[in-house]
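In the numbering used here, the protein residues as written are 2 to 426.
In this text, a Cβ means the ideal position worked out from N, Cα and C, and glycines have one as well.
Shown next as structure tokens:
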């Protein structure tokens with residue numbers, strides 16, 4: 002079955018990738034029309050060239066996700082959960098080091114995406130070989146492939162609304178002031194790191210366990226799994242959310258403010274990161290709750306909720322972009338994530354599938370208190386923006402690292418004093 006699905010998957014991906022690379026300018030016109038009508042014609046050409054380099058990442062990340070799903074099936078969760086980090090590392094290293102050796106520095110990010118995709122896929126292959134499940138090419142068809150086709154598209158849409166909304170942000174940003182697309186992109190990169198480490202990792206593990214419990218008709222374990230995933234998401238997501246908001250500018254300056262990416266660009270990126278970061282918990286909750294429906298074979302509800310969230314995002318984008326430019330787009334996306342998460346929970350409760358337990362609510366209050374103490378610490382003891390603007394790269398990195406580590410230690414110490422133990426969750 003794995004071989005048949007993998008072969009069909011690979012065939013479709015190769016066709017899509019080749020066609021898109023060939024017609025890259027047309028794709029850019031469709032999704033970033035603002036570049037085509039911009040007075041600076043080089044912007045459209047640059048975007049087309051970057052798409053030709055980055056689009057093969059779709060092939061690579063899809064194969065990586067397929068490999069990860071195989072590993073998850075055999076309870077190998079750590080490797081797929083860690084894999085998304087490799088893309089962020091590749092992009093950051095490319096932005097900092099590779100950009101210095103290219104005639105057009107921004108192309109370093111495009112190559113960073115492609116390199117990251119290759120590294121992600123290669124990283125998982127040894128683990129597939131170890132469990133003797135490395136897919137091979139297969140001829141013919143299989144009944145499971147037909148079943149997968151019917152369920153895959155609705156399921157993909159249901160769990161990908163946040164990413165679709167980010168794409169819509171980019172499309173609208175192309176008609177805003179020059180630089181808006183880059184500012185949103187850099188802030189999104191920092192948002193995706195905790196989202197991948199927390200939200201996507203939890204969703205991946207939860208989906209496998211939820212499907213197993215549902216097929217065994219074990220409602221207690223089914224509910225306990227949702228509860229546990231939400232608790233972990235809350236425990237890790239709350240400080241990450243606070244950190245992204247409070248340390249937005251230091252993080253952007255430390256990672257990206259080099260050469261032509263000046264203090265103004267860093268400040269603009271930080272503003273959109275604050276807006277995106279504010280919605281991190283909602284993004285995480287969506288990643289956890291959407292698979293609950295999928296594990297029960299219900300693809301309609303996540304799609305219905307996703308459409309509502311997406312339409313809300315477009316409507317809010319138009320309003321907020323008019324008043325707050327690119328920051329308004331990020332605000333709209335975060336609000337739509339809250340709408341998405343709220344509706345998913347509403348339908349879970351309405352269908353008597355799940356509702357928040359008392360211990361989850363108690364945990365939320367304790368996490369809120371610990372996060373508040375951490376916020377006070379950061380506001381009073383972290384270096385101000387002038388420090389990051391005036392000092393060297395290593396001084397910036399050291400300062401950010403110390404602030405993050407100290408804040409994390411304080412946060413978890415507060416949780417311990419409040420009686421929270423990981424083993425008791």
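Check, Outcome
"Burial state of residue 423, where buried means 16 or more other Cβ atoms lie within 10 Å", "exposed"
"Pair within 8 Å by beta-carbon distance, residue 439 and residue 348", "Residue numbering for the chain in the displayed model covers 2 to 426; residue 439 lies beyond these limits and cannot be assessed."
"Own chain, CB closer than 7 Å to residue 328, minus 5 neighbours either side, in chain order", "272, 273 and 276"
"Nonlocal neighbours in the same chain, by C-beta distance under 6 Å from residue 32, ignoring five residues either side", "172"
"Touch test, the segment 190-206 against the segment 233-245, Cβ-Cβ under 8 Å, three pairs minimum", "yes"
"Spatial distance of residue 15 from residue 129 (CA atoms)", "22 Å"
"Candidates 85, 334, 323 and 297: closest to residue 309 by CA position", "334"
"Three-pair Cβ contact test at 8 Å for the segment 61-71 versus the segment 3-18", "yes"
"Residue range of the alpha helix (DSSP H) that includes residue 240", "220-247"
"Own chain, CB closer than 7 Å to residue 284, minus 5 neighbours either side, in chain order", "163, 196, 200 and 338"
"Environment of residue 321 [buried if 16+ CB atoms lie within 10 Å]", "buried"
"Length at least 4, wholly inside the segment 362-426: the alpha helix (DSSP H) runs in chain order", "386-391 and 394-418"
"Span separating the alpha-carbon of residue 408 from that of residue 246", "14 Å"
"Under the three-state DSSP convention, the category residue 359 falls into", "helix"
"Outcome for residue 189 when other beta-carbon atoms lying within 10 angstroms are tallied against a minimum of 16", "buried"
"Of the residues 403, 184, 295 and 361, the one placed nearest residue 236, counting alpha carbons only", "361"
"CB contact flag (residue 186, residue 253, <8 Å)", "no"
"Whether residue 115 touches residue 175 by CB criterion (8 Å)", "no"
"Residue of 30, 69, 68 and 38 minimising C-alpha distance to residue 50", "30"
"Contact under 8 Å by Cβ, residue 99 with residue 109", "yes"
"Alpha carbon of residue 59 to alpha carbon of residue 18, nearest angstrom", "7 Å"
"Every unbroken alpha helix (DSSP H) inside the segment 14-69 [4 residues or more]", "25-32, 34-37 and 42-55"
"Spatial neighbours of residue 318 in its chain, beta-carbon cut-off 6 Å, leaving aside the 5 residues before and after", "173, 330 and 333"
"Beta-carbon gap between residue 405 and residue 256 smaller than 8 Å", "no"
"Coil, strand or helix - residue 125 by DSSP", "helix"
"Nearest-angstrom Cα separation, counted from residue 420 out to residue 227", "22 Å"
"Alpha-carbon spacing of residue 370 relative to residue 206, whole angstroms", "28 Å"
"Cutoff 8 Å; reference residue 398; Cβ partners in own chain excluding five residues on either side", "255"
"Residue 79 burial status per 10 Å Cβ neighbour count (16 or more: buried)", "exposed"
"C-beta atoms of residue 326 and residue 177 nearer than 8 Å", "yes"
"Pair within 8 Å by beta-carbon distance, residue 222 and residue 426", "no"
"Buried versus exposed call for residue 12 [16 or more other C-beta atoms within 10 Å across all chains shown]", "exposed"
"Outcome for residue 289 when other beta-carbon atoms lying within 10 angstroms are tallied against a minimum of 16", "buried"
"Range covered by the alpha helix (DSSP H) that runs through residue 277", "264-279"
"Counted within 10 angstroms of its Cβ, other Cβ atoms place residue 302 as buried (16 or more) or exposed", "buried"
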